[in-house]
Amino acid sequence: MEKIDPQHDHLKLEQYCPGQQVSFKGNTYTIQRRTTLASGEAAVVLQGDKEQFVVGANQFFAGIK
Numbered sequence: 084m085e086k087i088d089p090q091h092d093h094l095k096l097e098q099y100c101p102g103q104q105v106s107f108k109g110n111t112y113t114i115q116r117r118t119t120l121a122s123g124e125a126a127v128v129l130q131g132d133k134e135q136f137v138v139g140a141n142q143f144f145a146g147i148k
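Below, the structure is given as structure tokens:
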């Protein structure tokens, strides 16, 4: 079986651990987990006070501070 090399966006997300709080688009969210979208793009599941959603890595990096 051939080894699959991790993509750049997956590697960049390694610094963001589940349980860590981040400021995304002006609101504070907790990272629930890292995942992969059906397209293969890395993503994170963010949890707010009243919402939980998945955001792709490119959108995540564009919206965090």
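Residue numbers (the numbering used here): 84 to 148.
All C-beta atoms, glycine included, are put in the ideal place defined by N, C-alpha and C.
Just how far apart, CA to CA, sit residue i and residue j?
i                 : j              : result
glutamate 97      : threonine 118  : 11 Å
lysine 95         : glutamate 134  : 25 Å
cysteine 100      : valine 137     : 15 Å
phenylalanine 107 : isoleucine 114 : 11 Å
glycine 102       : asparagine 141 : 20 Å
alanine 129       : lysine 148     : Before going on, a small fix: residue 129 reads as leucine here, not alanine. For leucine 129 and lysine 148, the distance between alpha carbons rounds to 15 Å.
glycine 194       : glycine 146    : Because the chain spans 84 through 148 in this model, residue 194 falls outside it and cannot be assessed.
Can you tell me where the alpha helix (DSSP H) with residue i in it begins and where it stops?
i             : result
glutamine 142 : 140-146
Does the distance from the CB of residue i to the CB of residue j come in under 8 Å?
i              : j                 : result
asparagine 110 : glycine 131       : yes
valine 127     : phenylalanine 144 : no
alanine 121    : aspartate 92      : no
Can you confirm whether residue i, when its beta carbon is compared against all beta carbons of chain D, has any partner nearer than 8 Å?
i             : result
glutamate 134 : Given the protein chain composition of this structure (a single chain), no chain D is represented.
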